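Just so you know, our numbering puts the end of the sequence shown at 501, numbered straight through with nothing missing. Each residue gets a CB set at the ideal place from its N, CA and C atoms; glycine is no exception. Values in this document were obtained by computation on a predicted structure and should not be read as measured data. Below is one structure, written out as structure tokens, with a few remarks after it.
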Amino acid sequence: MAYPRAGSGRAVLPGSCTSYGTGIVGLIGFICGLWAATTHDMPAEVSLLWGRWTVAGPELPTAFRVLVLIAASSVPMLLWAILFDRVSARPTAGLIRAPADGDLRQLFVKLLGLAATLGLVAFAYWLFPIYREPFYDTFFTLAVLTLPWLGAVGVFYIYWLDARMAEPRDGAWHLGALLLGRYGEVDWQKLRPYLLGWTIKGYFLPVMVGWLGGNLDWLTGLQHAAAWSGTVAFLHSVGAGLLSLEPAWWLAGALSDLLRAMLAADAGAFLGRFEVAVNVIFSLDLAFAALGYVLTLRAFDGHIRSPEPTLLGWVVALICYPPYGDTTINLYVNWSDTVGWRDWGLLQGMPGLLVLWGGAILALEALFALATVHFGYRFSNLTHRGILTHGLYRLTKHPAYVTKCVSFWLLAVPFISHQGWDGAARQVLMMLGINFIYWMRARTEERHLSRDPDYVAYALWVEEHGMFRWLGRIVPAMRYRAPFRAEPAPAAA
């Protein structure tokens, strides 16, 4: 299939794999979940398996907060996707309308492969020392809480799905066949992406849950410590009838305080509430990211269609996350200095400009989170799970990377340094190095997704109509170049 070059006027924008409605109901669910997770006490002890197994510990309330937030965000999106978007009927879901009779022998092979997969993931967690760090305690507690229930439901889900798959012998089945010694039936072209997909989920999900749990603990600590005395006083001034709502509305009041501080150019009040806004924004991003790694469900057309096939793509993605990112950033491209945007003398002497600068940072970070919300339940690094063509993705192919890189410059002000002009020059070069890493991530993702003709059509449309269409004319390296041929996205992985 040949594609017209950008600029020919023939590029057509394909439909988006996720609808606006999915993101909107997910956002509403997130707001409700955040309220519940940060204003209600969570259990410090819980019994599982009919009281025979008790789970307790300081990380248990945090795990419950994460569970509440992810569930509140996920359920509305899944319902919307089934009831309104009818995602299970899409050709990309790989499901048939008339289910076949259940094959118990085939189901056994598939369940064996899935059990072996989970065993390999658990072995990796047991083997590598990094997973014994406290950062991951929330994830493992959450796994203990949910796996018995997910396991019970999962057996029935796989049985239901197996009878409806156009190609029921998926990666899990081929792994099971391999373990049973049926080597002649193993399709390595299906087994390899299956194992890579689970590697991606097994690596990224604990990181996202760890970060999200830390954010929720921080917000909950603020609420219980009555840090927002100004908000409480405001509610008292409105009327005694609102007093019972203080725990529920503390966060909304804090953010309204932030808005009032911005409008009044009150630098002190703005900075006092800046961190709360940042924490809420990144909690939104992390909640949608975490649920994305969980909900790789074919019944909702959210399965992994293909993982990143190149080593370069994996390297440039992993060096942005712990533990690899800690080493890479700190030793080679450390752009941090003792001077941050709040310490810059120019901004300190001009409160209005400081508030404007900080407001720009918040706006960029909010757009970054919105780019994740656009995925609905389909977000995950290093994978193809459908092509987004709506919202911010109509403006640029990489809204998250653009907003993140620009916000880095505003946060770090690398051109200001206590070490003089040479220190500033060094920091600017390091920041450019960070930007280059994200540019490489964008390029490797484009190369991967360009195997799907829908992405090629979308990328060509953005080249003609996107907000950065002028950039490719000035800097040819920034221009998208379509492959001569693009193959349809595989239906199974």
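Through-space distance from ALA19 to GLU472, alpha-carbon basis:
8 Å
Restricting to Cα atoms, I'd like to know which of PHE131, SER96, GLY366, TRP219 is closest to LEU292.
TRP219
For a test of the three-state rule: what should DSSP assign to VAL347, helix, strand or coil?
coil
Report the rounded CA-to-CA distance for LEU150 versus ASP334, giving the unit in angstroms.
25 Å
Specify, as a first and last residue, the run of the alpha helix (DSSP H) that GLN435 falls within.
428-457
What is the DSSP secondary structure of THR149, reduced to helix, strand or coil?
helix
Taking 8 Å as the limit between beta carbons, can you name the residues of its chain near ARG215, skipping five residues before and five after?
Position check: residue 215 holds Val in this sequence, whereas Arg was assumed. Excluding sequence neighbours, VAL215 sits near TYR329, PRO330.
In this structure, what does DSSP give as the bridge partners for MET173?
LEU103
Cβ separation of GLY384 and MET173, assumed to be a contact under 8 Å, to the nearest whole Å
Contact doesn't hold; Cβ gap of about 22 Å is too wide.
May I have the straight-line CA-CA distance separating THR46 from ALA123, to the nearest angstrom?
35 Å
Determine the extent of the alpha helix (DSSP H) in which PRO359 is found, giving its start and end residues.
359-381
Here's a check: name, in chain order, each residue in its chain whose Cβ is nearer than 8 Å to the Cβ of SER96, leaving out the five neighbours to either side.
ILE90, LEU103, ALA307, PHE308, ASP309
Residues bridged to HIS392 (per DSSP):
SER314
For LEU21, I'd like the list of residues in its chain whose CB is within less than 6 Å of its CB, leaving aside the five on either flank, ordered along the chain.
THR397, TRP469
Measuring alpha carbon to alpha carbon, tell me which of LEU75, PRO137, GLY300 ends up nearest LEU2.
Only positions 9 to 501 of the chain appear in this structure, which leaves residue 2 out of reach.
VAL44 to LEU266 span [Cα, whole Å]:
In the sequence on display, residue 44 carries Ala and not Val. Near 22 Å, if we compare the C-alpha coordinates of LEU266 and ALA44.
Using the beta-carbon count (16 or more within 10 Å), is TRP157 buried or exposed?
exposed
Would you decide whether MET439 is buried or exposed? Buried here means 16 or more other CB atoms lie within 10 Å of its CB.
buried
Would you tell me roughly how many angstroms separate the C-alpha atoms of THR125 and HIS382, rounded to the nearest one?
30 Å
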